[in-house]
Amino acid sequence: MLLKLKSTKVDTEKTRRPNPSRVRDHLANERTYLAWMRTAISLMGFGVVIVRLRAFHPPLLATPGNGWKLGLLFSAVGLLTVLLSTKHYFGVRHDIDYDTYEPTDRWVILFSLAIAILGAGVIYYIFTVPSSLEGLMAPE
Amino acid sequence: MNIKEFDRAQLSTPMQVDEEKTKQQNLSRAIDRSANERTFLAWMRAAIALMGFGVVIVRLRVVQLPVQHRHAIGWKLGLIFSLVGLATVLISTKHYFTIRHQIDSDTYEPPDGMVLFFSFAVGLLGIGVIYAILAAALGSVTVVIPD
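Those protein sequence lines, which keep their order, are chains R and U.
Those letters in the first sequence? Residues 0 to 139, per numbering that gives the first Met the number 0, in order.
Those letters in the second sequence? Residues 0 to 146, per numbering that gives the first Met the number 0, in order.
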């Protein structure tokens with residue numbers, strides 16, 4: 000009798016609130032998504048900034064340098080991050096509801112790789128800027 | 000509450016059970032509420048990032064291209080960044096109070112419309128940025144002739 004009562008009680012508890020930390024998990028998932036989005040916004044913003052800085056010297060150079068390509072790459076990675084993080088958010092949301100969440104290294108490694116490539120691009124860009132223009136590269 | 004705790008609770012008197020239960024519920028609510036607040040702050044940070052970049056984009060435009068290019072897409076892009084940021088502030092504040100209410104009444108459902116909307120807005124922004132960069136880069140090849 001006691002056993003039966005107990006099991007039904009546990010069951011109702013379970014259906015009402017499948018996982019006591021469910022709300023927290025979903026909110027944490029949302030924050031993770033927002034952190035990814037912030038990163039994407041920063042990437043796109045820096046893409047624009049790099050191009051704008053480059054555009055400072057076209058009157059001196061007849062052809063545009065490589066700066067715009069770097070800016071385009073930054074923005075493209077940012078856009079890709081938006082898409083992937085949205086997909087990831089809904090995937091994790093589903094996993095939290097069904098208690099099947101597994102942390103994935105894939106995205107982190109992929110993203111590190113992308114940012115490392117961008118960093119290499121920035122370093123390359125810095126060292127290939129003509130020395131005569133270095134004084135003009137100030138942002139303002 | 001796991002099974003072991005539940006067993007212990009069953010053995011004690013009903014009043015104690017209730018007390019323990021409400022205590023635990025209150026604790027869980029408090030944790031959920033602060034998680035909600037952190038989420039709200041994360042939304043705010045995202046909005047601030049958007050508005051900040053809006054300003055940076057517009058400010059940099061002033062220095063950049065020669066005079067005939069002044070009507071370039073830059074200020075529009077900056078304005079859109081800032082507007083999306085402002086909309087995010089308003090929507091996420093409303094969202095915060097909705098979630099607070101849902102936590103109190105135990106009816107929490109994770110958002111999807113808002114997340115989709117935000118992704119959509121930032122994705123459009125990204126497309127705009129890429130378009131602007133391409134337009135500026137390819138446009139300056141033909142238009143900007145050293146004077």
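We put the beta carbon where it would ideally sit given N, CA and C, even for glycine.
For P19(R), the three-state DSSP class (helix, strand or coil): Here residue 19(R) refers to the residue found at position 20 of the first sequence. Here P19(R) sits in coil by DSSP.
Looking only at its chain, what residues have a beta carbon closer than 6 Å to the beta carbon of G77(U), apart from the 5 residues adjacent to it on each side? Against the second sequence, residue 77(U) aligns to sequence position 78. These residues qualify, in order along the chain: G53, I56 and V57.
Chain-ordered residues of the region 15-28 of chain U with a beta carbon less than 8 Å from chain R: Residues of the region 15-28 of chain U with a Cβ closer than 8 Å to any Cβ of chain R, in chain order: S27.
Span of the alpha helix (DSSP H) holding S74(R)? Within the first sequence, numbered from 1, the residue matching residue 74(R) stands at position 75. S74(R) -> alpha helix (DSSP H) spans G66 to D96.
Along the chain, where does the alpha helix (DSSP H) containing T127(R) start, and where does it finish? As a first step, residue 127(R) must be located in the first sequence, where it is residue number 128. Looking at the DSSP string, the run of the alpha helix (DSSP H) that includes T127(R) is R105 to T127.
At a Cβ cut of 8 Å, what residues of the region 76-93 of chain R count as close to chain U, listed as they run along the chain? Under the 8 Å Cβ criterion, the region 76-93 of chain R contributes G77, L78, V81, L82, S84, T85, Y88, F89 and R92.
State the Cα-Cα distance for the pair D111(U) and T127(R), rounded to the nearest angstrom. Indexing the second sequence from 1 puts residue 111(U) at position 112. Indexing the first sequence from 1 puts residue 127(R) at position 128. Spanning the two alpha carbons is a distance of roughly 45 Å.
Please compile the residues from chain U whose C-beta is within a distance smaller than 7 Å of the C-beta of L33(R). The residue you call residue 33(R) lines up with position 34 of the first sequence. Those within 7 Å of L33(R) in chain U are A41, W42 and A45.
Coarse secondary structure for Y95(U), derived from DSSP in three states: For this step, residue 95(U) is matched to residue 96 along the second sequence. Helix, per DSSP.
Residues in the region 112-124 of chain U having any Cβ partner in chain R nearer than 8 Å: Answer in chain order: V114, L115, F117, S118, V121, G122 and L124.
How would you label V107(R), buried or exposed, when you count the other beta carbons within 10 angstroms and need 16 or more for buried? As a working mapping, residue 107(R) is identified with position 108 in the first sequence. With fewer than 16 other Cβ atoms inside 10 Å of its own Cβ, V107(R) counts as exposed.
Measuring only between beta-carbons, confirm whether A134(U) sits less than 8 Å from chain R. Here the question's residue 134(U) lines up with position 135 in the second sequence. Not closer than 8 Å to any Cβ of chain R, the Cβ of A134(U) fails to qualify, so no.
If you draw a straight line from the alpha carbon of I30(U) to that of V16(U), how long is it in whole angstroms? Residue 30(U) sits at position 31 when you count from the first residue of the second sequence. Residue 16(U) sits at position 17 when you count from the first residue of the second sequence. Spanning the two alpha carbons is a distance of roughly 21 Å.
Since I believe L69(R) is in contact with I49(R) (beta carbons under 8 Å), could you give me their beta-carbon distance rounded to a whole number of angstroms? Taking the first sequence and counting its residues from 1, the one referred to as residue 49(R) is at position 50. Taking the first sequence and counting its residues from 1, the one referred to as residue 69(R) is at position 70. Contact between I49(R) and L69(R) is confirmed by a C-beta separation of about 5 Å, below the 8 Å threshold.
C-beta neighbour in chain U for I40(R), strict 8 Å: As a position in the first sequence, residue 40(R) is number 41, starting the count at 1. Judged by the 8 Å Cβ criterion, I40(R) is in contact with chain U.
Can you tell me the Cα-Cα spacing of A27(R) and A34(U), whole angstroms? Taking the first residue of the first sequence as 1, we reach residue 27(R) at position 28. Taking the first residue of the second sequence as 1, we reach residue 34(U) at position 35. Rounded to the nearest whole angstrom, the CA to CA distance from A27(R) to A34(U) is 7 Å.
How would you label L26(U), buried or exposed, when you count the other beta carbons within 10 angstroms and need 16 or more for buried? Position 27 of the second sequence, counted from the start, is the residue given in the question as residue 26(U). It counts as exposed.
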